[in-house]
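Trainee: Got a structure for you, written out below as structure tokens; questions coming shortly.
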Amino acid sequence: VKEEIQRNVEAGIIERVDTSLSAATPIVPVKNQMKFTKLDLSDTYLQVELDEQTKNLVIINIPLGLFRYNRMQFGISNAPEIFQRIIDQVIVGVPNCVSYRDDILLTGANVEEHLRTLEMVFLKRSEFGFRCNPEKYLFFQDEVSYLGGIINKNGKRPDPKRVEAIINMSAPKNVKELEAFIGKVNYYGNLFRIFPTNANY
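Listed below in structure tokens is the structure:
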């Protein structure tokens with residue numbers, strides 16, 4: 001824990017405080033789109049700086065003392081919504097582009113159109129200072145896996161790996177397991193049109 005805290009202090013993610021102010025506790029049409037690119041943002045929430053007032057709401061109390069986050073941390077209940085709002089504002093006006101949190105998807109009917117979209121996104125990334133993870137880049141693909149589906153010029157279909165995981169699930173033995181099962185398959189309800197009438201226990 002000590003090493004991790006020190007690493008976060010040195011990186012400017014958290015800072016020591018002496019205070020008692022707080023108790024320590026997308027849709028883009030894909031049909032007829034020929035090329036797809038996926039970009040991944042690094043350290044998603046930690047790229048968002050907090051204002052002074054908000055910093056006092058994210059104080060942690062550990063044996064080493066009190067620390068507060070300078071950047072939005074994982075685990076804040078509304079962090080996903082806040083980040084989504086920010087990234088939506090960043091890419092607003094960019095055609096053929098959608099983002100779900102740290103995953104950005106770009107499409108294009110042809111290479112020239114796709115290049116223009118890609119250039120716009122990288123200009124926006126530079127303007128707003130977002131860092132990406134080059135190791136997860138996928139450029140000019142004929143199809144990509146995105147949000148549990150496979151997307152290509154024909155539209156979207158379920159990802160076979162996700163479907164296989166559902167097929168291989170054990171039969172639910174109680175209400176809790178049934179709810180977990182329904183949660184897993186519910187995402188695919190619009191792709192399996194018979195699901196609402198055939199799902200029974």
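The UniProt record's numbering numbers the first residue of the sequence shown as 1 and each following residue consecutively. Don't be surprised by glycine CBs; every beta carbon is placed ideally from N, CA and C. Just so we're clear, the structure is a prediction, and the values are computed from it rather than from any experiment.
Work out the CA separation of leucine 147 and arginine 101 for me, nearest whole Å.
Mentor: Against the sequence shown, residue 101 aligns to sequence position 101. Against the sequence shown, residue 147 aligns to sequence position 147. So the alpha carbons of these two residues sit roughly 11 Å apart.
Trainee: Over what stretch of residues does the beta strand (DSSP E) that includes proline 80 continue unbroken?
Mentor: Here the question's residue 80 lines up with position 80 in the sequence shown. Careful: proline 80 lies outside any beta strand (DSSP E), inside the alpha helix (DSSP H) at 79 to 91.
Trainee: How far does the beta strand (DSSP E) with glycine 108 in it extend, from its first residue to its last?
Mentor: Along the sequence shown, read from residue 1 onward, the residue named residue 108 stands at position 108. Segment 103 to 108, the beta strand (DSSP E) holding glycine 108.
Trainee: Using 8 Å for Cβ pairs, my map puts serine 42 next to cysteine 97. What's the rounded Cβ distance?
Mentor: Taking the first residue of the sequence shown as position 1, residue 42 is located at position 42. Taking the first residue of the sequence shown as position 1, residue 97 is located at position 97. Rounded, the Cβ-Cβ distance is 19 Å, inconsistent with contact.
Trainee: State the beta-bridge partners of residue 206 as determined by DSSP.
Mentor: The structure shown does not extend to residue 206, since the chain spans only 1 to 201, so no value can be given for it.
Trainee: Could you check where the beta strand (DSSP E) with asparagine 152 kicks off and where it finishes?
Mentor: Reading the sequence shown from its first residue, position 152 is the one you call residue 152. Note, asparagine 152: beta strand (DSSP E), 149 to 152.
Trainee: Return the residue from the list Arg71, Asn8 and Val185 that minimises the CA-CA distance to asparagine 168.
Mentor: Mapped onto the sequence shown, residue 168 falls at position 168. Checking every option, the nearest Cα to that of asparagine 168 belongs to Val185.
Trainee: Let me see if you follow: with CB-CB separation under 7 Å, is glutamate 177 close to chain B or not?
Mentor: Considering every chain present, this structure includes no chain B. It has just one protein chain.
Trainee: Would you kindly work out how many angstroms separate the C-alpha atoms of arginine 157 and valine 163, rounded to a whole number?
Mentor: Residue mapping note: residue 157 aligns to position 157 of the sequence shown, counting from 1. Residue mapping note: residue 163 aligns to position 163 of the sequence shown, counting from 1. Cα to Cα, the separation comes out at about 10 Å.
Trainee: Mind checking whether lysine 31 and glycine 155 have CB atoms under 7 Å apart?
Mentor: Stepping through the sequence shown from its first residue, residue 31 is reached at position 31. Stepping through the sequence shown from its first residue, residue 155 is reached at position 155. Against a cut-off of 7 Å, the Cβ pair of glycine 155 and lysine 31 comes out as a contact.
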